[in-house]
Amino acid sequence: MKIIYSVSLAAIFLLSCGPDTKESSTDENESSMKAPRKKVVYQVFTRLFGNTNTTNKPWGTLEENGVGKFADFSPKALEEIRELGVTHIWYTGVPHHALVTDYSAYGIGQDDPDVVKGRAGSPYAVKDYYNVNPDLALDPANRLEEFRSLVERTHEAGMKVLIDIVPNHVARDYQGTSTPEASEAFGVGDDTGVDYARDNDFYYIPGQAFRVPDWRDGYEPLGGQSYPLADHAFDENPAKWTGNGSRLAQPDMNDWYETVKLNYGVRPDGTHDFDSLPANSEALDYKAHYAFWKDRDVPKTWKKFRDIVSYWMDLGVDGFRYDMAEMVPVEFWSYLNSHIKMRDPEAFLLAEVYNPDLYRAYIQRGKMDYLYDKVELYDSLKHIMKGYGWTDHIPVVQQGLADIEHHMLHFLENHDEQRIASPEFAGDARIGKPAMVVSATLSTSPTMIYFGQEVGEPGAEDAGFGKPTRTSIFDYIGVPHHQRWMNDKQFDGGASTADERALRDFYQRLLRFVTKSDALMGNYRDIHYYNKDHTPTYDHRVYSFVRWSDSEKLIIFCNFDTEASYDLALQVPEELIQSWGLEDGQYPLTEMLYGEVDPKLKVEAGKGSVPVKLAPLESVILRLDE
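Here's what the structure looks like:
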């Protein structure tokens, strides 16, 4: 549900917010810096990154369409990612999930296509939490060591490693083959004769066997291709609740039928079978949360995930992205995240939460570092990029999230969202440029890009399961624009088009600046509405704001229009000029992206103005040279 905040223009103008003073730097290269810098996350779909195969057959096998490996992240590849301005890599699809490719020769049980989405499987249907996807290894028997080597290479390249943890559900055929002796796989010891027990890992439907959904609209597993286990049946008795909460023994095909829901001590009626956090938990730090849970009895699933994240941290993982975190009680997150932070206070914890009403609970009580800013900023920018949204809404969003702005990670693409360049979205990757400037510079929060975004990948391939516009996460496929940049694993953009190289250059210029700027970890003030009131020809297709710290002052101006240019004198309000301590006179400005303009800030009678010319889709970041 999208929340629209109502604020006065005066309130918007007066908005000024800085970073959480508790925030500490986590990047390896930040130890020598005086202040924290913004973090940049590069989400990469690990299975797709290094794939050079261009066959792209719908429902194609691994042999037909190819697959990328851990080893494809060579020192050269990682160097280029780092040079893009990246501080953290989120390797998506690492834990061993259900897939159709046969790895039985390596002691891995075969998966049934009737409960697998696509041929390569959903990365969010984890089959074994103590091992990695065999697709990603040159030698599946040595796959965990190959992952460990990837972690080491990433650290050597100066970046930190994030992987997914999926707390709400696991694969319907969860096996947990690699679970250490000191731990238990999910489901071991469950009382399957009842629908719920606090220490059951799963919810059950006693007396009913699972039935595969009835397929509609021409869908068949593997596109109807023959396969030994594709028989519209899967042996599960009693049936378990489906991952999205369906309590039907035969879920609908639009349910998350490939997964089963985990039980965190939430009874079927929604009441909780565990202790509640104290009333003042929002104000308590992670150490206090850890102390609260230390001697309390908690459901088994809580302890199992504590052991799982500890295992991955032992392998060198620096943080986690939590899938569908809002479907799991906030108390569990308080328990898990406080345990993580006690071990590593600088662990990076990112959660997928879409309900704005839950944001503060999951940040303050659940001890999340960051949440997706999807429903507010992303949706607003998407509407603007599509041509019907107004930039007037950006400061409204910023005002509504001012108290938690540092914790709301910004992005324009990820594996769930349409590619900017897809015809169903913007149809041209360049339309995303002003939005990316706003997304990356508006707040103190981290920013994220999705691999291929920086070269304008449109996600146009029909991979099999699902429809184009999003790069498939379910099937073996190539990513053409990215493949051209990869250039037969030279990772030099040698096969990229001129437009692709120009776009990547833009992203590199922007993100490298973002990670070096003091001002972007400082204060924010909107000057958009002030200019709408005081600047002729300024309208809702442009956006302007300022960012500053004691050592750096920035004026940022973006043109979202695909056709119109803007030639105007951007106004800087008197109150801001006073707070910056500027006397009447002229002050040189440096443009930080391309350096192609050399404007001056003119202060006269206490008010400021900057002559600016913006071509369609152009942005400037102007730094005051004092």
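Heads up, the sequence shown stops at 668 in our numbering, and the numbers go up one at a time, no gaps. Ideal Cβ placement from N, Cα and C applies to all residues, glycine included. As the structure is a prediction and not an experimental result, all values here were calculated from the model.
Legend entry - Local Cβ density within 10 Å of Ser268, reported as buried at 16 or more and exposed below that: Mapped onto the sequence shown, residue 268 falls at position 226. Exposed, by the Cβ-count rule.
Legend entry - Alpha-carbon spacing of Ala505 relative to Gly564, whole angstroms: Counting from 1 along the sequence shown, the entry for residue 505 is found at position 463. Counting from 1 along the sequence shown, the entry for residue 564 is found at position 522. Approximately 44 Å between the Cα atoms of the pair.
Legend entry - Cutoff 8 Å; reference Gly149; Cβ partners in own chain excluding five residues on either side: The residue given as residue 149 occupies position 107 in the sequence shown. Taken in chain order, the residues that qualify are Thr219.
Legend entry - Exposure of Ala179, with buried meaning 16 or more beta-carbon neighbours within 10 Å: For the purposes of this step, residue 179 is taken as the residue at position 137 of the sequence shown. The residue in question, Ala179, is buried, as its Cβ has 16 or more Cβ neighbours within 10 Å.
Legend entry - Collapsed DSSP secondary structure at His523 in the structure displayed: For the purposes of this step, residue 523 is taken as the residue at position 481 of the sequence shown. Looking at His523 - three-state DSSP - the assignment turns out to be helix.
Inset, instruction - Decide if Thr313 is buried, meaning its Cβ has at least 16 other Cβ atoms within 10 Å, or exposed. - result: Residue 313 sits at position 271 when you count from the first residue of the sequence shown. Its Cβ having fewer than 16 others within 10 Å, Thr313 is exposed.
Legend entry - Within 9 Å, strictly: CB atoms of Ile205 and Tyr133: Translated into the one-based positions of the sequence shown, residue 205 becomes position 163. Translated into the one-based positions of the sequence shown, residue 133 becomes position 91. Yes, Cβ-Cβ distance for Ile205 and Tyr133 is below 9 Å.
Legend entry - Check whether Lys303 and Lys329 have beta carbons under 9 Å apart: Here the question's residue 303 lines up with position 261 in the sequence shown. Here the question's residue 329 lines up with position 287 in the sequence shown. No, Cβ-Cβ distance for Lys303 and Lys329 is not below 9 Å.
Inset, instruction - Grab me the residues of Arg583's own chain with a C-beta within less than 6 Å of its C-beta, minus the 5 sequence neighbours each way, in chain order. - result: The count along the sequence shown starts at 1 and reaches residue 583 at position 541. Taking Arg583 as the centre and dropping the five residues before and after it, the same chain places the C-beta of Phe602, Asp603 closer than 6 Å to its C-beta, in chain order.
Legend entry - Inter-residue spacing [alpha-carbon to alpha-carbon] between Asp69 and Gln620: Reading the sequence shown from its first residue, position 27 is the one you call residue 69. Reading the sequence shown from its first residue, position 578 is the one you call residue 620. Any reading at Asp69 must be qualified, since the residue scores a pLDDT of 41, below 50, and its modelled position is unreliable; no value is offered.
Legend entry - Beta-carbon proximity of Leu562 to Lys80, cut-off 9 Å: Position 520 of the sequence shown, counted from the start, is the residue given in the question as residue 562. Position 38 of the sequence shown, counted from the start, is the residue given in the question as residue 80. In this structure, Lys80 lies closer than 9 Å to Leu562 by Cβ.
Inset, instruction - Kindly list the residues whose CB is nearer than 6 Å to the CB of Glu278, restricted to its own chain and excluding five residues on each side of it in sequence; keep chain order. - result: Within the sequence shown, numbered from 1, the residue matching residue 278 stands at position 236. Listed in chain order, the non-local C-beta contacts of Glu278 below 6 Å within the same chain comprise Phe252, local neighbours out to five positions each way being set aside.
Inset, instruction - Tell me whether Asn456 counts as near the ligand FAD, meaning its Cβ is closer than 8 Å to at least one heavy atom of that ligand. - result: Because no ligand of any kind appears in the structure shown, any question about the ligand FAD cannot be addressed here.
Legend entry - Sheet register partners of His138 (DSSP bridge): Taking the sequence shown and counting its residues from 1, one reaches residue 138 at position 96. BP columns for His138 point to Asp170.
Legend entry - 7 Å Cβ shell around Asp470 - same chain, five flanking residues per side excluded: Taking the sequence shown and counting its residues from 1, the one referred to as residue 470 is at position 428. Ala463, listed in sequence order.
Legend entry - Within 9 Å, strictly: CB atoms of Leu413 and Ala393: For this step, residue 413 is matched to residue 371 along the sequence shown. For this step, residue 393 is matched to residue 351 along the sequence shown. In contact: Leu413 and Ala393 (Cβ atoms closer than 9 Å).
Inset, instruction - Would you list, in sequence order, the uninterrupted beta strand (DSSP E) runs of no fewer than 3 residues that lie entirely inside the region 140 to 228? - result: Those beta strand (DSSP E) runs which fall completely within the region 140 to 228 and span 3+ residues are 168 to 174, 202 to 207, 211 to 213.
Inset, instruction - Report the three-state DSSP secondary structure of Glu300 (helix, strand or coil). - result: Looking up residue 300 in the sequence shown gives position 258. Three-state result, Glu300: coil.
Legend entry - Close beta carbons around Asn71, own chain, < 7 Å, minus the five adjacent residues each side: Counting from one through the sequence shown, the residue named residue 71 turns up at place 29. Confidence at Asn71 is low in this model, with a pLDDT of 41, below 50, so the placement of that residue should be treated as unreliable; the coordinate-derived value is given next. Closer than 7 Å at Cβ, skipping near neighbours: Gly200.
Inset, instruction - Please state whether DSSP places Phe334 in a helix, a strand or coil. - result: For the purposes of this step, residue 334 is taken as the residue at position 292 of the sequence shown. Of the three classes helix, strand and coil, the one that applies to Phe334 here is helix, per DSSP.
Inset, instruction - Could you tell me the boundaries of the alpha helix (DSSP H) in which Asp273 lies? - result: Locating residue 273 in the sequence shown gives position 231, where the first residue counts as 1. Neither: Asp273 is in no alpha helix (DSSP H) and is coded neither H nor E.
Legend entry - Residues that Leu451 bridges to, as DSSP identifies them: Your numbering for residue 451 matches position 409 in the sequence shown. BP columns for Leu451 point to Tyr414.
Inset, instruction - Could you name the residues that DSSP lists as bridge partners for Ala393? - result: Stepping through the sequence shown from its first residue, residue 393 is reached at position 351. The secondary-structure analysis by DSSP pairs Ala393 across a beta bridge with Tyr364, Leu413.
Inset, instruction - Give me the Cα-Cα distance between Met427 and Glu125, rounded to the nearest whole angstrom. - result: Counting from 1 along the sequence shown, the entry for residue 427 is found at position 385. Counting from 1 along the sequence shown, the entry for residue 125 is found at position 83. Looking at the two C-alpha atoms, the distance is approximately 27 Å.
Legend entry - Sufficient close CB pairs (3 or more, under 8 Å) joining the region 495 to 515 to the region 449 to 466: yes
Legend entry - Arg677, buried or exposed, once every other Cβ within 10 Å from all chains shown has been counted against 16: The structure shown has nothing for residue 677, since the chain only spans 43 to 668.
Inset, instruction - Tell me whether the beta-carbon of Phe599 lies closer than 9 Å to the beta-carbon of Leu618. - result: One-based indexing of the sequence shown puts residue 599 at position 557. One-based indexing of the sequence shown puts residue 618 at position 576. Against a cut-off of 9 Å, the Cβ pair of Leu618 and Phe599 comes out as no contact.
Inset, instruction - Report the rounded CA-to-CA distance for Ala77 versus Asp560, giving the unit in angstroms. - result: Here residue 77 refers to the residue found at position 35 when the sequence shown is read from its first residue. Here residue 560 refers to the residue found at position 518 when the sequence shown is read from its first residue. Approximately 7 Å between the Cα atoms of the pair.
Inset, instruction - Taking Gly623 as the reference, give the member of Ile515, Glu226, Thr103, Val645 with the closest Cα. - result: Numbered from its first residue, the sequence shown carries residue 623 at position 581. If we check each option's Cα against that of Gly623, Val645 comes out closest.
Inset, instruction - Could you give the DSSP three-state label for Pro117: helix, strand or coil? - result: As a position in the sequence shown, residue 117 is number 75, starting the count at 1. Correct three-state label for Pro117: helix.
Inset, instruction - Locate the alpha helix (DSSP H) running through Met384, then write down its first and last residues. - result: In the sequence shown, residue 384 corresponds to position 342, counting from 1. Run containing Met384: 372 to 385, per the alpha helix (DSSP H) assignment.
Inset, instruction - Pull up the distance between the alpha-carbon of Lys99 and that of Arg161, whole angstroms please. - result: Here the question's residue 99 lines up with position 57 in the sequence shown. Here the question's residue 161 lines up with position 119 in the sequence shown. The alpha-carbon atoms of Lys99 and Arg161 are separated by roughly 12 Å.
Legend entry - Cβ neighbours of Leu659 in the same chain (closer than 8 Å, five flanking residues each side left out): By 1-based counting over the sequence shown, the position of residue 659 is 617. Closer than 8 Å at the Cβ level, and outside the excluded window around Leu659, lie Arg472, Ile473, Lys475, Pro476, Asn601, Phe602, Asp603, Thr604.
Legend entry - Rounded straight-line distance, which links the Cα of Thr301 to that of Ala677: Residue coverage of the chain in this structure runs from 43 to 668, which leaves residue 677 outside it and unanswerable.
Inset, instruction - Tell me whether Asp568 sits in a helix, a strand or coil according to DSSP, three-state version. - result: By 1-based counting over the sequence shown, the position of residue 568 is 526. Three-state result, Asp568: strand.
Inset, instruction - Starting from the Cα of Ala367, find the closest Cα among Thr579, Asn210, Leu104, Glu668 and give me that residue. - result: Indexing the sequence shown from 1 puts residue 367 at position 325. Per the C-alpha coordinates, the member of Thr579, Asn210, Leu104, Glu668 positioned closest to Ala367 is Asn210.
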